[in-house]
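Residue numbers (my numbering): 7 to 402.
Virtual Cβ for every residue (Gly too), placed ideally from N, Cα, C.
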Amino acid sequence: MKLPNSFIPIFLLTFFSYTLFAQKPGIYDANSYLPFLKNKNVAIVGNQTSRLFNIHLIDTLTNLGINIKCIFSPEHGFLGRGDAGEYISDSIYDSIPIISLYGDSKQLKDSDLNNIDVVIFDIQDVGVRFYTYISTLHYVMEGCARNNIHLIVLDRPNPHAHYVDGPVLDSRYLSFVGMHPVPVVYGMTIGEYALMINGEGWLVNNITTDLTIVKIENYSRFDKVNYTFNYPPSPNLPNMNAIKLYPSMCFFEGTIISVGRGTDFPFEVFGAPFFKSDSIGSMFTFLPQPNTASNDPKYNGQLCYGWDLSKFNFNKNNFLLFQNSQLNLQYLIYAFNNTPASKKNIFFNSFFNKLAGNNQLKQQILQGSSVEEIRASWEKDLLSFMKIREKYLLYN
Numbered sequence: 007m008k009l010p011n012s013f014i015p016i017f018l019l020t021f022f023s024y025t026l027f028a029q030k031p032g033i034y035d036a037n038s039y040l041p042f043l044k045n046k047n048v049a050i051v052g053n054q055t056s057r058l059f060n061i062h063l064i065d066t067l068t069n070l071g072i073n074i075k076c077i078f079s080p081e082h083g084f085l086g087r088g089d090a091g092e093y094i095s096d097s098i099y100d101s102i103p104i105i106s107l108y109g110d111s112k113q114l115k116d117s118d119l120n121n122i123d124v125v126i127f128d129i130q131d132v133g134v135r136f137y138t139y140i141s142t143l144h145y146v147m148e149g150c151a152r153n154n155i156h157l158i159v160l161d162r163p164n165p166h167a168h169y170v171d172g173p174v175l176d177s178r179y180l181s182f183v184g185m186h187p188v189p190v191v192y193g194m195t196i197g198e199y200a201l202m203i204n205g206e207g208w209l210v211n212n213i214t215t216d217l218t219i220v221k222i223e224n225y226s227r228f229d230k231v232n233y234t235f236n237y238p239p240s241p242n243l244p245n246m247n248a249i250k251l252y253p254s255m256c257f258f259e260g261t262i263i264s265v266g267r268g269t270d271f272p273f274e275v276f277g278a279p280f281f282k283s284d285s286i287g288s289m290f291t292f293l294p295q296p297n298t299a300s301n302d303p304k305y306n307g308q309l310c311y312g313w314d315l316s317k318f319n320f321n322k323n324n325f326l327l328f329q330n331s332q333l334n335l336q337y338l339i340y341a342f343n344n345t346p347a348s349k350k351n352i353f354f355n356s357f358f359n360k361l362a363g364n365n366q367l368k369q370q371i372l373q374g375s376s377v378e379e380i381r382a383s384w385e386k387d388l389l390s391f392m393k394i395r396e397k398y399l400l401y402n
């Protein structure tokens with residue numbers, strides 16, 4: 007497809023900018039997906055991250071004359087401003103209807119796909135099981151499969167693609183924060199993950215999707231690249247330090263401990279009002295308050311004592327999490343051990359087992375199991391998963 011003359015400067019700028027970098031996400035490789043879109047009715051599954059630099063995929067395609075009929079948005083909404091778990095309403099972008107997949111329904115309705123020929127999925131994921139974009143991907147794949155619609159996934163780098171860790175989900179704990187039998191960190195790009203969903207028969211009734219993955223160019227999961235995202239993947243993961251800490255820190259969302267929602271450093275701190283500096287050896291405090299990323303944060307307006315992990319730069323320092331390529335359970339165990347005895351029986355809430363994907367991790371912490379003992383209990387299932395995962399890897 008020939009580009010309009012007015013768009014040549016933008017693509018030239020993009021091309022010359024990208025010569026400075028080794029990796030090129032799927033959105034860059036327009037020649038691999040534009041031929042599928044010509045004279046077709048197209049739907050986009052996207053959000054604020056669906057961009058090549060500052061140019062949104064929708065703006066690019068509409069300027070190229072592609073007929074975009076509708077947009078589907080995931081958790082946090084098309085603009086990426088919604089709080090975690092917040093109901094997202096339908097809306098409009100430049101006269102194109104936006105259908106929320108985190109509102110009345112998380113699934114695509116067949117009526118939403120009337121007259122749609124092709125669906126493009128382009129969302130920056132972070133490669134963690136309880137991050138819900140892969141659950142949205144699952145339902146998008148099911149909708150496309152039911153209606154015989156071609157799905158194109160524009161692949162993007164995963165900041166956690168270089169390791170696999172955590173308990174594999176027990177099917178008794180299936181939820182929207184865990185829909186598949188995978189570990190917390192599964193070490194796959196979202197394109198590879200889509201192939202696994204298809205190949206393992208995880209869609210309803212073992213249906214499969216007509217699927218095309220537009221690969222990342224010059225990508226290796228082991229590249230020591232200083233990833234930077236121009237647009238945060240969600241409001242409470244504002245920087246790469248928070249993203250690197252997220253697999254370890256998100257367990258606190260199922261406890262009485264705050265991870266700093268309502269502050270300038272969500273997922274980079276943890277604490278609670280009942281911790282005292284003399285007992286934990288920490289003088290760090292933070293005050294959760296409503297902000298643009300959190301409407302009603304845990305311990306709203308209460309001074310919290312705790313730990314500050316925001317000073318570690320994971321792109322410059324060989325800190326434990328990145329150096330050893332593993333979850334850090336010490337944060338969770340240390341917080342539990344330093345919780346007053348009167349509160350230990352309410353330390354975990356009902357959400358914790360959904361995050362963990364089982365009931366075992368909670369019981370292990372309650373019983374005082376060591377990190378080594380806990381990790382050993384994952385090993386068999388992790389090895390089994392890695393054999394499955396290997397079949398779908400597109401990158402070294």
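C-beta atoms of residue i and residue j nearer than 8 Å
i	j	result
threonine 218	isoleucine 263	no
tyrosine 99	phenylalanine 84	yes
valine 377	tyrosine 252	no
aspartate 128	serine 240	no
lysine 317	arginine 267	no
tyrosine 39	valine 220	yes
phenylalanine 136	glycine 184	yes
glycine 277	tyrosine 311	yes
proline 103	aspartate 96	yes
glycine 307	leucine 160	no
leucine 309	leucine 293	yes
asparagine 351	phenylalanine 281	no
methionine 147	isoleucine 203	yes
tyrosine 179	glycine 374	no
Length of the line joining the Cα atoms of residue i and residue j
i	j	result
isoleucine 72	lysine 30	22 Å
glutamate 379	glycine 205	33 Å
glutamate 396	asparagine 402	10 Å
isoleucine 94	proline 187	27 Å
valine 134	valine 191	5 Å
aspartate 216	isoleucine 196	16 Å
proline 165	glutamate 223	16 Å
proline 244	tyrosine 237	8 Å
proline 279	methionine 255	18 Å
aspartate 302	histidine 82	15 Å
lysine 75	valine 48	6 Å
tryptophan 208	leucine 201	11 Å
histidine 168	lysine 393	15 Å
cysteine 478	proline 80	This structure cannot speak to residue 478, because the chain is shown only from 7 to 402.
alanine 248	glutamate 274	5 Å
arginine 87	tyrosine 139	15 Å
asparagine 321	aspartate 270	Confidence is the limiting factor: at asparagine 321 the pLDDT is only 49, short of 50, which leaves the residue's position unreliable and the question unanswerable from this model.
methionine 289	tryptophan 313	8 Å
asparagine 53	alanine 299	16 Å
glutamate 198	aspartate 176	22 Å
methionine 419	leucine 70	Here the chain covers residues 7 to 402 and nothing more, so residue 419 does not appear.
leucine 174	leucine 388	For the record, residue 174 in the displayed sequence is valine; it is not leucine. Rounded to the nearest angstrom, the two C-alpha atoms are 7 Å apart.
proline 296	asparagine 60	28 Å
threonine 291	alanine 28	41 Å
Burial state of residue i, where buried means 16 or more other Cβ atoms lie within 10 Å
i	result
serine 23	Legend: pLDDT at serine 23 = 41, less than 50; position of this residue unreliable, no value from coordinates given.
valine 210	exposed
lysine 349	exposed
proline 163	buried
tyrosine 340	exposed
aspartate 89	buried
threonine 214	exposed
serine 117	exposed
glycine 3	Look at the range of the chain in this structure, 7 to 402, and you will see that residue 3 is not part of it.
proline 272	buried
alanine 347	exposed
alanine 382	exposed
leucine 367	buried
glutamate 385	exposed
asparagine 242	buried
Contacting residues, own chain, Cβ-Cβ under 8 Å from residue i (five flanking each side not counted)
i	result
lysine 112	Ser141, Thr142, Tyr145, Phe182
phenylalanine 42	Val124, His156, Ile158, Thr218
phenylalanine 258	Ser264, Val265, Phe276, Tyr337, Leu338, Ala341
leucine 58	Thr20, Pro31, Ile33, Tyr34, Thr66
glutamine 369	none
Sequence-distant residues of the same chain with beta carbon closer than 7 Å to residue i, five excluded per side
i	result
threonine 261	Phe353, Phe354, Asn355, Phe358
aspartate 171	Pro189, Val190, Val191, Gln332, Leu333
histidine 62	Ser56
asparagine 153	Asp116, Leu119
glutamine 130	Thr55, Arg162, Phe235, Pro239
Close-in-space but distant-in-sequence residues of the same chain around residue i (CB under 6 Å, 5 per side omitted)
i	result
asparagine 365	Asn359
aspartate 35	Val220
leucine 26	Because the pLDDT at leucine 26 is just 44, under 50, the model does not fix this residue reliably, and the value given afterwards should be weighed accordingly. There are no such residues.
isoleucine 126	Ile50, Ile158
Residue-level contact to chain B via CB, residue i, 8 Å cutoff
i	result
aspartate 110	In the displayed structure, chain B is absent; only one protein chain is listed.
Beta strand (DSSP E) runs contained entirely in the stretch 158 to 237, provided each spans 3 or more residues: Those beta strand (DSSP E) runs which fall completely within the stretch 158 to 237 and span 3+ residues are 217 to 220.
*Taking the runs of the alpha helix (DSSP H) that are 4 residues or longer, which of them lie wholly in the stretch 58 to 111?*
Look at the stretch 58 to 111 and you find these whole runs of alpha helix (DSSP H), each 4 residues long or longer: 63 to 69.
Discussion item. Give the list of continuous beta strand (DSSP E) stretches no shorter than 3 residues that lie fully inside the stretch 256 to 280.
Written reply: Whole beta strand (DSSP E) segments, 3+ residues: 275 to 278.
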